[in-house]
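Undergrad: The letter at position 12 of the sequence shown is residue 21 when you use our numbering, and the numbering goes up by one with no holes.
The beta-carbon is built from N, C-alpha and C at its ideal position, and this holds for glycine as well.
Here the structure is a predicted model, which is why all the values come from computation and not from measurement.
Just dropping this structure here.
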Amino acid sequence: MNIIVQGPQGSGKGTQVEKLVQKYNLKHFDAGSLLRKEASEEIKKIMDKGELVPQYYVKQLVEKFIAENPNSGFVFDGYPRTIDQYEELKTILQNKIDYVVNIEISIDESVRRLSLRGREDDKPEAIKRRLQIYHTQTHPVFEKAVAEGIGFEVNGEQSIEQVFADICRKLI
Ligand code: AP5
């Protein structure tokens with residue numbers, strides 16, 4: 010099973026994906042963490058501003074990750090973030106994407122949760138920019154998945170356990 014988990018910043022993608030990995034024995038592609046670990050100083054500057062890093066860079070990471078985990082199911086967290094990346098992933102996986110989950114929370118809740126966390130890109134200006142990119146470039150991926158019959162949404166403003174239960178209920 011291959012799943013994409015999306016949602017605004019702070020919606021709990023990382024939190025829910027950890028639980029999906031355990032329950033369904035999936036490999037976790039975490040774009041943000043991999044980039045924070047492997048990216049050059051130049052790329053990190055782009056991330057700290059809340060901008061998307063160049064697509065070729067993320068493509069290399071995802072291709073390497075998939076090649077290193079043959080015969081696995083995957084959960085993608087933080088990728089794809091644009092329609093182009095979505096089409097790219099479909100090609101890489103030969104169209105084998107089962108679900109695109111959108112965890113929805115309000116802008117106020119995003120800002121509240123990220124302000125409590127305090128990562129390098131959790132500064133007000135960068136949060137604002139990340140949310141703007143999410144709404145203009147990433148949410149359309151979910152809309153496309155809904156039109157394709159593989160997208161569903163859950164309410165992210167509930168307890169972690171309740172959000173997880175809502176996701177699992179929709180996975181066959
Ligand atoms: P990335 O690391 O993916 O960051 P993000 O999308 O901004 O997501 P977050 O980690 O902020 O939020 P999350 O939804 O995972 O929430 P979490 O579970 O941590 O990407 C960082 C940067 O990398 C991007 O800005 C970009 O520059 C670059 N990048 C990454 N992918 C890219 C791509 N494909 N192309 C180009 N560039 C890319 O939870 C947040 C907090 O909320 C936690 O404190 C948690 O405890 C709490 N929480 C979680 N669930 C709940 C709940 N139900 N109730 C209350 N609190 C909760």
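1) Taking 8 Å as the cut-off, does the stretch 160-167 touch the stretch 102-115 (at least 3 CB pairs, one atom from each stretch)?
2) What would DSSP say about K36, mapped onto helix, strand or coil?
3) Taking the alpha-carbon positions, what's the T91 to Q146 distance?
4) How would you write the range of the alpha helix (DSSP H) that D107 sits in, first residue to last?
5) Can you have a look at K156 and say buried or exposed, based on whether 16 or more other CB atoms are within 10 angstroms of its CB?
6) Going by DSSP, name the residue or residues bridged to I12.
7) Is it the case that the CB of S81 approaches a heavy atom of ligand 3 more closely than 7 Å?
8) What residue from K54, R45, D39 and D93 has the CA that sits closest to Y65's CA?
9) Flag this pair as touching only if the stretch 80-91 and the stretch 11-27 have three or more C-beta atom pairs under 8 Å; answer yes or no.
10) Could you give the DSSP three-state label for V62: helix, strand or coil?
11) By alpha-carbon positions, which one of V30, R139, K73 and G158 ends up nearest to L43?
12) So what's G41 in DSSP terms, helix, strand or just coil?
TA: Based on what the coordinates show:
1) The answer is yes - the stretch 160-167 touches the stretch 102-115, with three or more Cβ pairs under 8 Å.
2) The residue you call residue 36 lines up with position 27 of the sequence shown. If DSSP states are grouped into helix, strand and coil, K36 belongs with the strands.
3) Taking the sequence shown and counting its residues from 1, the one referred to as residue 91 is at position 82. Taking the sequence shown and counting its residues from 1, the one referred to as residue 146 is at position 137. Whole-angstrom Cα-Cα distance: 5 Å.
4) Here the question's residue 107 lines up with position 98 in the sequence shown. Secondary structure note for D107: it is in no alpha helix (DSSP H), with a DSSP letter that is neither H nor E.
5) Numbered from its first residue, the sequence shown carries residue 156 at position 147. Checking the sequence shown, residue 156 turns out to be Ala, not Lys. Burial call: exposed.
6) As a working note, residue 12 is residue 3 in the sequence shown. I12 is bridged to V84 and Y108.
7) This structure lacks ligand 3; its bound ligands are ligand 1.
8) Here residue 65 is taken as the residue at index 56 of the sequence shown, counted from 1. Comparing Cα positions, the closest option is D93.
9) Flag = yes, the stretch 80-91 and the stretch 11-27 touch.
10) Start at 1 with the first residue of the sequence shown, and residue 62 comes out as number 53. In the structure shown, V62 sits in coil (DSSP, three-state: anything other than H, G, I, E or B).
11) Translated into the one-based positions of the sequence shown, residue 43 becomes position 34. Closest by alpha carbon: K73.
12) For the purposes of this step, residue 41 is taken as residue 32 along the sequence shown, with counting starting at 1. Under the three-state reduction of DSSP output, G41 falls in the helix class.
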